[in-house]
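In what follows, a single structure is set out as structure tokens and then discussed.
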Amino acid sequence: MDDPNYDEFGNYIGPELATSSEEEESDVELEAASRPGAAFGEVAGSENDEEIGSEEDAEDTGRGPMAMARRVDISQTQIVLHEDKQYYPEAEEVFGPGVETIVQEEDTQPITEPIIAPIKVRKFQVDEDKDLPDTTYTKEFLVDLMGYPEMVRNIAVAGHLHHGKTALVDVLVASTHAWPEWDKASPIATPVTKIQRPNDKAFGYTDIHQLERQRGVSLKAMPISLVAQTTKGKSYALNILDTPGHVNFMDEVVASMRMADGVVLVVDAVEGVMASTERVIRAAIREGLSLTLVVNKVDRLIIELKLPPTDAYYKLKLTIEEVNNIIADCPLTNAALRVSPELGNVCFASATFGWCFSLESFARRYIDTWGMPVSPKELAKRLWGDIYYHTERRTFMRKRAKGGSEAKRSFVHFILEPLYKIFAQVVGEDEPQLRVVLESLGVELRKSDYALDARALLRKALSHFFGPPTGFLDMCSEHIKSPLENAVAKTEHLYTGQTDSATAAAMRNCDANGPLVVNIGKQYPSADGTQFYALGRIFSGSIKTGEKVRVLGEGYSPGDDEDMALATVTNAWIYCSRYKIPVSGLGAGGWVLLGGVDGSISKTATLTDTRVSEEELAIVRPLPLPSESVIKIAVEPVVPTDLPKMLSGLRKIGKSYPLAQTKVEESGEHIVMGTGELYLDCIMHDLRCMYAEIEIKVADPIVAFRETVSETSAVKVFGDSPNGKNRLTIISSPLEQGIAEDIEFNRVQSNWPARQMGQFFESNYGWDILAGRSIWAFGPGNDGPNILSDDTLPDETDKVRLRSVRDSIKQGFQWAAREGPLCDEPMRGTRFRILGADLAETVIHRGGGQIIPAARRVCYSSFLTAEPRLMEPINFVEIQAPADCVSAVYTVLGRRRGHVTHDAPKAGSPMYTIRALVPTIDSSGFETDLRTFTHGQAFCQQYFDHWQIVPGDPLDKEIVLRPLEPSSGQQLARDFMIKTRRRKGLSDDVSIDKYIDDITLREVVRDLHH
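Sequential numbering of the sequence shown, starting at 1, is according to the UniProt record's numbering.
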């Protein structure tokens, strides 16, 4: 066969192979064809050959576009698969070395999660700092007015829940601020445009927290400063604290009273004085504050109850009398303290419809309209009480003529009847007739206003008729003392330093040039919750930004400066709830919001300048907390590594909530204590969402207990020190009823001289004068409801040695009183008397390491031999319900060990008021059950009232507790003790043997127990 492509056997062998130079040329062409540019018809030339050469060099170093293709020897006849070709660079080439690239063939990210997450904006409250609202006065005028203490009024607005405190502040704000409209759809409202206030909506200018706006209830005491005018046109600077009305937040009310010089008590005209209203009155009198009254929601008497004007007068009079009865019942009341409209310290208001007046402001309206030749004060005195006006004679009379219908009560004739007529005209008349009536009263409305619904039109007409609340400012300016007038009383009541020092003198004079003293009463978080600002009242001196100050905590004393720190004031503002007015400094008498000083403040603090000598340093007395935190919950993070975040959040909770307490049990549990379910719910919301921002697990709520004794110790119990060279003999006995409360409310203080202490207990409780003088300490703490006293005799005990170890014995007593032997709960109502002390001669053998544990052990052993008992907290419950729901209320109370103490109809209303006592441990979910049984018609509030001994002996081992069965009767004490000990990781039973070393004494005590 002649064909060269076949061999002699006929097999195909192909053409002759190309030369090496041709092979190289083919490879280059093939490589060029594999480049992206080749797809677009690039022609290889001399320049391309140079580029290819450079690319080959780059490929050797791992760079260049040719490095993206796999380098394989490809012959002319080899087929290049599609997956072997690569037209785009690798990620390494694009992003460079050192960048981690991840290639995923499947989408693992949910579609709801953005590929690039947006920046998270942390904002938990309304904030207008970027755009300060317009006001009827300039901000500079407000700042300048703060420099004159006689023109300043510091006020706390307080009262029961939903009695209209925040709405009353809204009336003041509406008269001085351009009102913004808020976006109701957003959880945190944002201002849209400056318009008038919504006509028929509760706005809540001082409710800025996210929870407050969601729940529709005030949870924090919020300050606002503004300038308002009296009826005479005189301007005053008002510093107002709008306080919560819920009983769980009574700590906010007490903190506000510490900052204020007077209290404006707001009472609903229909509901009258409630239990929390009484608590506010008593707290204000204890603080020595001026008290004024605003009877709010007068419109409810007209619209809801539809009472005749005369009956409405009697209802208003009854409300005022209820307030005066409580004032008279307070032990520290000034005999001259009384609220009454003719005195000028009572206003009538309907914050819902935007009006507020006093008798004097209403009298001034008559005088200006008719030109009467009489002063407003004189006419106002004739507009209340048993004074009648004869319409024909046009004279006022003290007694109404028999059978004469022409004479009416002056308040009914001049105030209530015109008010009723305005309501009737606005609701009942058509637009033409209504326009004529309103214009005759000097009220001019726009045509579009007459198209509003009845409530909105009522608000427009009445707010225009009454005008700005000048009567309220008349009451505040005349009956609430200025910071200058109240400085002496405030200093004597609160300052713990020497009364003859220069600092005390400056505080009494409210001297802006004296030594600096600022009482920090509240701390407020920033809008993002990352830092805190401290609100304080300046008692003396002036504070400036950039100034270095001493921060004295609640635990500071001249002999112990551990609770003292230095800080620099970074910012100073006048706080107005939704916005802050920056200032360079403020003088005595006003309130100031400070930044940069909160680092070492836990609850309250005292600021002084560094020029004050350490001998004169003293603190302002800490807040007298109105209640005890008796409900506890255990918290822990879902992710254990988030524990540091949770601890940081708990510290911020302690700053934000005055009554919140946090501690760690021996079992390692983190405990949060609060006053009620709503209080703890708000704490957990802030902890989860605002401060820690982590998932947190919460255990079921439990309650705190107290330990006490019911009898005197059966034997003298002694205990030895660890080295066996010291012996203390102590017996325990219960305190008389009322002593524990006197200690807790600071009616008697541990730092009193022995003579004063002896006189107090002798006159109030019939103690021997020597027994009162021998008191060493209260515990736990300086205001704990237990007493340690020295009852040793000089001929039996070396008094010199005993006094040398006094501090050590007191520390052992404090330790024992803080953690009792039954279930590690604090003791209450127990008196420990030292009967003997056999101490070592050398000081080194009777040091604190020997005496402190010995004192603690002997306190425990004497306590256990005095019939120990467990005490549980009891809640006071006030329920309002219709008459047909009273039986259902009794049923719910009976199921929770509760009993009724008061049951009576509410005068002038269709409601019944039921007051009862319920154990706190059984109060969880009580409100839910109550509303279920009464179909939502009953409403209750409850708060801690007192401690009560639990039935039964906690040490009675004969009581058998069966699992999953509720205990009752005499089993309760044993049940509570064992379950509390188990939760804390302690053994079930309490053994006295581990506290008594002497075998003989141990046998005696054991025989007594048997």
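Glycine residues also receive a C-beta, built at the ideal position from the N, C-alpha and C atoms.
Task: CA-to-CA distance, Ile996 to Gly245, given in whole angstroms - done: In the sequence shown, counting from the first residue as 1, residue 245 sits at position 245. In the sequence shown, counting from the first residue as 1, residue 996 sits at position 996. The alpha-carbon atoms of Gly245 and Ile996 are separated by roughly 51 Å.
- [ ] Give me whichever residues DSSP pairs with Gln661 in a beta bridge.
- [x] Reading the sequence shown from its first residue, position 661 is the one you call residue 661. Within the DSSP bridge table, the entry for Gln661 names Met673 as partners.
Task: Contact belief for Ala973 with Asp953 at Cβ below 8 Å, rounded distance in angstroms - done: The count along the sequence shown starts at 1 and reaches residue 973 at position 973. The count along the sequence shown starts at 1 and reaches residue 953 at position 953. That belief holds up - the Cβ atoms of Ala973 and Asp953 are roughly 6 Å apart, short of 8 Å.
Task: Segment limits, beta strand (DSSP E) that includes Ile367 - done: Numbered from its first residue, the sequence shown carries residue 367 at position 367. Per DSSP, Ile367 belongs to no beta strand (DSSP E); it is in the alpha helix (DSSP H), Leu359 to Trp370.
Task: Cβ distance (whole Å) where Leu678 is taken to contact Val672 below 8 Å - done: As a position in the sequence shown, residue 678 is number 678, starting the count at 1. As a position in the sequence shown, residue 672 is number 672, starting the count at 1. Going by Cβ atoms, the distance from Leu678 to Val672 rounds to 14 Å, so no, they are not a contact pair.
Task: Trp815 in three-state terms, based on DSSP - done: The sequence position of residue 815 within the sequence shown is 815, counting from 1. Helix, per DSSP.
Task: Beta-carbon spacing of Arg828, Arg706 below 7 Å - done: For the purposes of this step, residue 828 is identified with residue 828 of the sequence shown, where counting begins at 1. For the purposes of this step, residue 706 is identified with residue 706 of the sequence shown, where counting begins at 1. Yes, Cβ-Cβ distance for Arg828 and Arg706 is below 7 Å.
Open item on the list: Buried or exposed for Ser225, going by 16 or more other Cβ atoms inside 10 Å?
Closed with: Sequence index remark: in the sequence shown, residue 225 carries index 225 (1-based). Using a 10 angstroms sphere on the CB of Ser225, the tally of other CB atoms reaches 16 or more, which defines it as buried.
TODO: Note down, in chain order, each residue of its chain lying with its Cβ closer than 7 Å to the Cβ of Ala866, except the 5 sequence neighbours on either side.
DONE: Mapped onto the sequence shown, residue 866 falls at position 866. Counting only Cβ-Cβ distances below 7 Å, and skipping sequence neighbours, we find Val709, Glu711, Thr712, Ser713, Ser732 and Ser733.
TODO: Can you give me the Cβ contacts of Ile13 inside the same chain, cut-off strictly under 6 Å, excluding the 5 residues immediately before and after it?
DONE: Against the sequence shown, residue 13 aligns to sequence position 13. Hits under 6 Å: Asp7.
Task: Identity of the residue in Leu445, Tyr420 and Tyr314 nearest Gly385 by Cα - done: Taking the sequence shown and counting its residues from 1, one reaches residue 385 at position 385. Minimum Cα distance to Gly385 is reached at Tyr314.
TODO: Using only alpha-carbon positions, find the residue among Trp370, Leu359, Tyr388 and Thr391 that is nearest to Ala378.
DONE: Taking the sequence shown and counting its residues from 1, one reaches residue 378 at position 378. Sequence inspection shows Glu at residue 378; the Ala mentioned does not correspond to that position. The residue from Trp370, Leu359, Tyr388 and Thr391 with its alpha-carbon nearest to that of Glu378 is Leu359.
Open item on the list: To the nearest angstrom, how far is the alpha carbon of Arg981 from that of Glu965?
Closed with: Looking up residue 981 in the sequence shown gives position 981. Looking up residue 965 in the sequence shown gives position 965. Between the alpha carbons of Arg981 and Glu965 lies a distance of about 18 Å.
TODO: Could you check the C-alpha separation between Asp511 and Gly541 for me, to the nearest Å?
DONE: Translated into the one-based positions of the sequence shown, residue 511 becomes position 511. Translated into the one-based positions of the sequence shown, residue 541 becomes position 541. So the two alpha carbons sit approximately 6 Å from each other.
Task: Proximity winner among Lys399, Ile921 and Thr369, relative to Ser440 (alpha-carbon distances) - done: As a working note, residue 440 is residue 440 in the sequence shown. Taking Ser440 as reference, the option from Lys399, Ile921 and Thr369 with the minimal CA-CA separation is Thr369.
TODO: Starting from the N-terminal side, write out each stretch of the alpha helix (DSSP H) that is 4 residues or longer and does not extend beyond the stretch 445–488.
DONE: Here the runs fully enclosed are 454–466 and 470–479.
TODO: Under the assumption that Arg550 contacts Thr604 (Cβ atoms under 8 Å), give the Cβ distance between them as a whole number of angstroms.
DONE: Taking the sequence shown and counting its residues from 1, the one referred to as residue 550 is at position 550. Taking the sequence shown and counting its residues from 1, the one referred to as residue 604 is at position 604. Contact doesn't hold; Cβ gap of about 15 Å is too wide.
- [ ] Classify Met146 as helix, strand or coil using the three-state DSSP reduction.
- [x] By 1-based counting over the sequence shown, the position of residue 146 is 146. Reduced to three states, the DSSP call for Met146 is coil.
Task: Beta-carbon spacing of Gly779, Phe813 below 7 Å - done: Counting from 1 along the sequence shown, the entry for residue 779 is found at position 779. Counting from 1 along the sequence shown, the entry for residue 813 is found at position 813. Yes, the pair counts as a contact, with Cβ atoms nearer than the cut-off.
Task: CB of Asp929 within 7 Å of CB of Arg897, strictly - done: In the sequence shown, residue 929 corresponds to position 929, counting from 1. In the sequence shown, residue 897 corresponds to position 897, counting from 1. Between Asp929 and Arg897, the CB-CB gap reaches or exceeds 7 Å.
TODO: Would you mind sorting Phe141 into buried or exposed? The rule is 16 or more other CB atoms within 10 Å of its CB.
DONE: For the purposes of this step, residue 141 is taken as residue 141 along the sequence shown, with counting starting at 1. Exposed, by the Cβ-count rule.
TODO: Identify the continuous alpha helix (DSSP H) that holds Phe832 and give its terminal residues.
DONE: Along the sequence shown, one-based indexing puts residue 832 at 832. Phe832: not part of any alpha helix (DSSP H); member of the beta strand (DSSP E) spanning Thr830 to Asp838, first to last residue.
- [ ] Please go through the stretch 765–819 and give each complete beta strand (DSSP E) segment of 3 or more residues, from N-terminal end onward.
- [x] Here the runs fully enclosed are 775–779 and 786–790.
Task: Of the residues Ser774, Gln850 and Gly772, the one placed nearest Arg727, counting alpha carbons only - done: Walking along the sequence shown from the start, residue 727 turns up at place 727. For the options Ser774, Gln850 and Gly772, the alpha carbon positioned closest to that of Arg727 is the one of Gln850.
- [ ] Starting from Lys645, trace the beta strand (DSSP E) both ways and give me its first and last residue.
- [x] On the sequence shown, position 645 is the one that residue 645 refers to. Counting along the chain, Lys645 falls outside any beta strand (DSSP E), though it belongs to the alpha helix (DSSP H) covering Leu643 to Ser656.
Task: 7 Å Cβ cutoff met for Pro309 and Leu484 - done: As a first step, residue 309 must be located in the sequence shown, where it is residue number 309. As a first step, residue 484 must be located in the sequence shown, where it is residue number 484. The criterion of a C-beta distance shorter than 7 Å is not satisfied by Pro309 and Leu484.
Open item on the list: Using C-beta distances below 7 Å, list every residue in its chain close to Arg208, excluding the 5 sequence neighbours before and after it, in chain order.
Closed with: Here residue 208 is taken as the residue at index 208 of the sequence shown, counted from 1. Note on identity: in this sequence residue 208 is Ile, with Arg being the wrong assignment. Annotation for Ile208: Gln125, Val126, Met222, Ser577 and Arg578 place their beta carbon closer than 7 Å to its own, counting only its chain and skipping 5 residues before and after.
- [ ] Determine the burial state of Asn513: buried for a count of at least 16 other Cβ atoms within 10 Å of its Cβ, exposed for fewer.
- [x] Position 513 of the sequence shown holds residue 513. The residue is exposed, with fewer than 16 neighbouring Cβ atoms inside 10 Å.
Open item on the list: Among the candidates Ala916, Ser909, Thr891 and Val892, whose CA atom is the shortest distance from the CA of Thr901?
Closed with: Mapped onto the sequence shown, residue 901 falls at position 901. Checked all of Ala916, Ser909, Thr891 and Val892; the closest Cα to Thr901 is Ala916.
Open item on the list: Is any non-hydrogen atom of the ligand ATP found closer than 6 Å to the C-beta of Ala660, if you look at the structure I gave you?
Closed with: The model depicted lacks the ligand ATP and carries no ligand whatsoever.
Open item on the list: Under DSSP, the alpha helix (DSSP H) around Gly849 begins and ends at which residues?
Closed with: Sequence index remark: in the sequence shown, residue 849 carries index 849 (1-based). Taken as a continuous stretch (DSSP letters only), the alpha helix (DSSP H) holding Gly849 covers Gly848 to Leu864.
- [ ] Can you give me the Cβ contacts of Ala269 inside the same chain, cut-off strictly under 7 Å, excluding the 5 residues immediately before and after it?
- [x] Taking the sequence shown and counting its residues from 1, one reaches residue 269 at position 269. Excluding positions up to five away in sequence, the list reads Val295, Asn296, Lys297, Val298, Arg300, Leu301, Lys315, Leu316 and Thr319.
- [ ] Could you work out which residue in Glu322, Leu986 and His899 is closest to Met274 when comparing CA atoms only?
- [x] Mapped onto the sequence shown, residue 274 falls at position 274. Nearest option by C-alpha distance: Glu322.
Task: Trp591 burial status per 10 Å Cβ neighbour count (16 or more: buried) - done: As a working note, residue 591 is residue 591 in the sequence shown. Buried.
Task: Beta-carbon separation (whole angstroms), Ile730 vs Ile834, contact threshold 8 Å - done: Your numbering for residue 730 matches position 730 in the sequence shown. Your numbering for residue 834 matches position 834 in the sequence shown. Correct: roughly 6 Å between the Cβ atoms.
Open item on the list: I'd like the list of long-range same chain contacts for Arg364, defined as Cβ closer than 7 Å, with 5 residues on each side in sequence excluded.
Closed with: One-based indexing of the sequence shown puts residue 364 at position 364. Once the five neighbours on either side are set aside, the close Cβ partners of Arg364 are Thr231 and Pro376.
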